[in-house]
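Single-structure report; data block below.
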């Protein structure tokens, strides 16, 4: 493809990424061109501005939990990190990190290109608001729309910095071809993001009649995170406090039962329920649903996007697609050993000598307790994002009262689906016949299961699909994380008592043992984030912003070196290396950031863009 034509036909900075990607084909990519808006014919009215902002929200849906694209959509959640990893077929497809990650990888291109698409158009929106003679309903409306645009730009740049480190900070509208983008440092990027968020926090409304749109509290929540990344702990405390103390509106942790299933004392399996469980039930996610913990929630509706042959793939719409990607199916496990290990506080080892032989009807299934099922999968249905043993077992050790780790939230028993039988009926029959073995009818054994991401109640199935199709909105920000961000800032200042107070606000809701001031460390906060925010937080961004961060270099509480890599090595999924058989995570010290796309580097002929160290001969050091 001709590079000049490529650039002219799409979005300036992003169009330097030539050729198809691993996440979408070239034809799909060409369809993106229709979303780029012309300033001469658009951005001329308040309605135009609102439409362009809505495009930004649509891209968030797409990036976070929309089209799966070989797991591209879930990289922010942390494929291969300390809480879960992408298993792929045979349990090791993605290992603890994306094998063979290079600057030409589709994952890299997907996240770099698609976020700059939106930034390009947002810059046009901001320019139009500042320079065009638009008829506004009021000056307040103008300020709110600009604040919304700046918030969206800040959020996309926050993701880019979390994934790639320092990136080109393009904050002006671009017309024509630009081939000389300079690279900014992480600190420079965070400073620019902070500036955008300060305006947004000052000018966004406290409430909105349109669920999913940014409000003042969302800007302050993200501002607290960015201030922490800059080592500006006072700024982080101030921003988080405006959310917590009511300055930004009425927010509080949901500590009483609420919503669509509040009248039910137990789920269908007899597990006791509480308000934390209510947070994740269908119809309970939005502020307008009575959820005063919800700050910013991504909106999803079944059938609003189709891959053109692959069916509808919105988050939690179709069990055997999007939802299944977060719930690995572990088959033919030794149930008794799993429970014995759990009761003794030990992690369950899927592979190796500890796996006990499994016999069914006189047939030895395998020497390590696992056999291939009818799809050829060993142990784990792939591709799926399986929780690590650290998350399933270790992070709850010593505190079995913590509701967030209970069977109501994390299914540690094995449930079966057999024909038209209910799960409890199928389980009872299987365990009566095979007391120490969980077996599945064909390929339907489900363990573990994350009830944040599933529902224990399904209605009638749709044609061609054995599972109910349903939709749910999903949190990007909620108040529990705001408390943990403020706790992080207090830790950075050495105020451990205040940090523990904020942590306990979160822990008390789920009945967890109180945290003392002496307990508070960065690792403790990261563990608490895992307990509270698993599969919600952008774990990659969280760990990356602590990794070799020059703004934290002098802070004895938060300077822990290469946090992302170190925690993956300590807690990640250990698998037998194909070459030497040694069990270890597959991650290099440089992999706390992704490489920049090679297409962008090569096309930026007017200015040299150094590649991140460790990739393709790169020398750029993100720690400076």
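In this note's numbering, the protein residues as written are 637 to 1260. Built from N, CA and C at the ideal position, the CB exists for glycine as well.
Option in the options with minimal Cα separation from residue i
i, options, result
"residue 824", "1257, 1241, 802", "802"
"residue 1224", "717, 809, 864, 885", "717"
"residue 888", "912, 871, 1172", "912"
"residue 1257", "1184, 845, 1027, 861", "1184"
"residue 935", "828, 886, 1113, 793", "1113"
"residue 798", "1187, 1222, 1178, 759", "1178"
"residue 891", "870, 875, 914, 880", "914"
"residue 1168", "879, 1039, 771, 839", "1039"
"residue 817", "1243, 1248, 1251", "1243"
"residue 846", "810, 771, 807, 923", "923"
"residue 1041", "901, 775, 1165, 1259", "1165"
"residue 1128", "1192, 910, 1175", "1192"
"residue 848", "791, 931, 910", "931"
"residue 1175", "700, 686, 681", "700"
"residue 612", "1259, 1035, 1239, 768", "Look at the range of the chain in this structure, 637 to 1260, and you will see that residue 612 is not part of it."
"residue 1194", "869, 676, 827", "869"
"residue 1134", "1028, 1037, 1154", "1154"
"residue 1126", "1086, 874, 929", "874"
"residue 809", "764, 839, 828", "764"
"residue 1180", "910, 1188, 1198", "1198"
"residue 698", "1253, 746, 685", "746"
"residue 807", "749, 791, 756", "756"
"residue 769", "1188, 752, 679", "679"
"residue 921", "790, 828, 1115, 864", "1115"
"residue 1259", "686, 843, 1189, 1200", "1189"
"residue 927", "893, 901, 900", "893"
Cβ pair residue i, residue j closer than 8 Å
i, j, result
"residue 858", "residue 761", "no"
"residue 786", "residue 830", "no"
"residue 1173", "residue 1124", "no"
"residue 1245", "residue 1237", "yes"
"residue 788", "residue 692", "yes"
"residue 754", "residue 695", "yes"
"residue 860", "residue 1121", "yes"
"residue 784", "residue 682", "no"
"residue 1251", "residue 676", "no"
"residue 826", "residue 862", "yes"
"residue 1035", "residue 1149", "yes"
"residue 1047", "residue 1087", "yes"
"residue 1151", "residue 1143", "yes"
Neighbourhood of residue i by C-beta, 7 Å cutoff - its chain only, sequence neighbours within 5 removed
i, result
"residue 841", "780, 851, 852"
"residue 925", "895, 919"
"residue 1130", "1193"
"residue 1037", "1147, 1148, 1149"
"residue 1044", "903, 907, 908, 909, 913, 1087"
Residues near residue i by beta carbon distance below 8 Å, same chain, minus five either side
i, result
"residue 883", "877"
"residue 898", "914"
"residue 1202", "1196"
"residue 1248", "800, 801, 1226, 1229, 1230, 1231, 1232, 1254, 1256, 1258"
Residue i, enclosing beta strand (DSSP E) - first and last residue
i, result
"residue 930", "930-934"
"residue 1110", "1110-1114"
Limits of the alpha helix (DSSP H) - the one that residue i falls within
i, result
"residue 824", "822-839"
"residue 856", "852-866"
"residue 763", "742-767"
"residue 1144", "1132-1145"
"residue 1207", "1199-1207"
"residue 1179", "1175-1182"
"residue 1238", "1234-1239"
"residue 1160", "1158-1169"
"residue 718", "Here residue 718 belongs to no alpha helix (DSSP H), and DSSP marks it neither H nor E."
"residue 1172", "Per DSSP, residue 1172 belongs to no alpha helix (DSSP H) and is neither H nor E."
"residue 614", "Nothing about residue 614 can be reported from this structure: the residues present for the chain run from 637 to 1260 only."
"residue 913", "911-914"
"residue 906", "Element bounds for residue 906: n/a, residue is neither H nor E."
"residue 1256", "Looking at the DSSP string, residue 1256 is not in any alpha helix (DSSP H), and its letter there is neither H nor E."
"residue 737", "Looking at the DSSP string, residue 737 is not in any alpha helix (DSSP H), and its letter there is neither H nor E."
"residue 1041", "Taken as a continuous stretch (DSSP letters only), residue 1041 belongs to no alpha helix (DSSP H), as it is neither H nor E."
is_contact[residue i, chain D] using C-beta, thresh 8 Å
i, result
"residue 774", "Judged by its chain identifiers, the structure shown contains no chain D, having just a single protein chain."
Other residues of its chain near residue i: CB distance less than 6 Å, five sequence neighbours each side excluded
i, result
"residue 1111", "933, 1172"
"residue 1221", "732, 1204, 1205, 1208"
"residue 610", "Coverage of the chain is limited to positions 637 through 1260, which leaves residue 610 absent and any answer about it impossible."
Quiz prompt | Validate contact between the segment 777-786 and the segment 834-843 using beta carbons, cut 8 Å, 3 pairs | solution = The segment 777-786 is in contact with the segment 834-843.
Practice problem: Kindly confirm or deny that the segment 791-809 and the segment 1228-1241 touch, where touching means at least three C-beta pairs closer than 8 Å. | Solution: Contact between the segment 791-809 and the segment 1228-1241 is present, with at least three C-beta pairs closer than 8 Å.
Quiz item: Quick one: any contact between the segment 815-830 and the segment 900-914, if contact means 3 or more CB pairs under 8 Å?
Solution: The segment 815-830, when compared against the segment 900-914, does not touch it at the 8 Å Cβ threshold.
Exercise. Would you check if the segment 1155-1163 and the segment 1136-1143 touch, i.e. whether three or more CB-CB distances between them fall below 8 Å?
Key: Taking one beta carbon from each stretch, the segment 1136-1143 and the segment 1155-1163 have 3 or more pairs nearer than 8 Å; the two touch.
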